[in-house]
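Enquirer:
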Amino acid sequence: YTVVIVLHLPKLMIRGRYDLIEILSRMGITELFTDQADLSGITGKPEVKVTKAIHQAYLNVHENGTEAAAVTFIEIGPTSLPPEIKLNHPFMLLIMDWLTEAILFLGKVADPTKN
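Numbering (UniProt numbering), first residue to last: 1 to 115.
#1: From the DSSP output, which residues share a beta bridge with residue 52?
#2: For residue 61 versus residue 99, is the C-beta spacing smaller than 9 Å?
#3: Can you check DSSP and say which residues form a bridge with residue 60?
#4: Go ahead and pull the three-state DSSP assignment for residue 103.
#5: Near residue 94, which residues of its chain fall below 6 Å by C-beta distance, leaving aside the five closest residues on each side in sequence?
#6: Please indicate yes or no: does the CB of residue 7 lie closer than 8 Å to some heavy atom of the ligand ADP?
#7: Alpha carbon to alpha carbon, how far is residue 25 from residue 57?
#8: By DSSP, does residue 47 sit in helix, in strand, or in coil?
#9: Put residue 5 into one of helix, strand or coil per three-state DSSP.
#10: Can you tell which of 102, 89 and 103 has its C-alpha closest to the C-alpha of residue 114?
See the structure below:
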């Protein structure tokens with residue numbers, strides 16, 4: 001099922017840096033960071049633990065970097081304009097791999113008028 005829309009997406013850049021030890025610890029995943037950690041299955045060494053885990057994300061959307069912004073379509077049937085969406089207000093964005101259904105990027109744009 002395909003629907004054609006006219007999408008007005010502002011230029012945006014989102015960056016994030018997260019300490020995964022803190023986040024994972026709040027989720028109850030703590031043993032990896034202690035002397036009781038057993039990572040021998042992936043390291044081959046029994047006496048190692050995770051000492052640092054950082055996640056960084058960067059997303060830059062602009063007119064030269066978003067090929068999906070250019071859409072060509074031919075419609076046969078009753079004439080009507082496609083729905084138009086203007087993202088000139090706060091919005092959430094999601095980039096997903098449809099094949100695996102994996103979320104690759106999730107972000108929030110609080111003020112799309114700011115650069």
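Cβ atoms here follow ideal geometry from the backbone N, Cα and C, with glycine treated the same way.
Expert: Checking against the coordinates, here is how it stands:
#1: One-based indexing of the sequence shown puts residue 52 at position 52. BP columns for residue 52 are empty, so no partner.
#2: Along the sequence shown, one-based indexing puts residue 61 at 61. Along the sequence shown, one-based indexing puts residue 99 at 99. It is not a contact, given that the beta carbons lie outside the stated cut-off.
#3: Numbered from its first residue, the sequence shown carries residue 60 at position 60. Its beta-bridge partners are 13.
#4: Translated into the one-based positions of the sequence shown, residue 103 becomes position 103. DSSP, read as helix, strand or coil, puts residue 103 in strand.
#5: The residue given as residue 94 occupies position 94 in the sequence shown. Spatial neighbours of residue 94 in its own chain (CB-CB distance under 6 Å, excluding positions within 5 residues in sequence) are listed in chain order as 106.
#6: Among the components of this structure there are no ligands whatsoever, and the ligand ADP is therefore not found.
#7: Position 25 of the sequence shown holds residue 25. Position 57 of the sequence shown holds residue 57. Going by the C-alpha atoms only, they are around 20 Å apart.
#8: The residue labelled residue 47 in the question sits at position 47 within the sequence shown. The answer is coil: DSSP assigns residue 47 none of H, G, I, E or B.
#9: The residue you call residue 5 lines up with position 5 of the sequence shown. Three-state result, residue 5: coil.
#10: Residue 114 sits at position 114 when you count from the first residue of the sequence shown. Taking only the C-alpha atoms, the option nearest residue 114 is 89.
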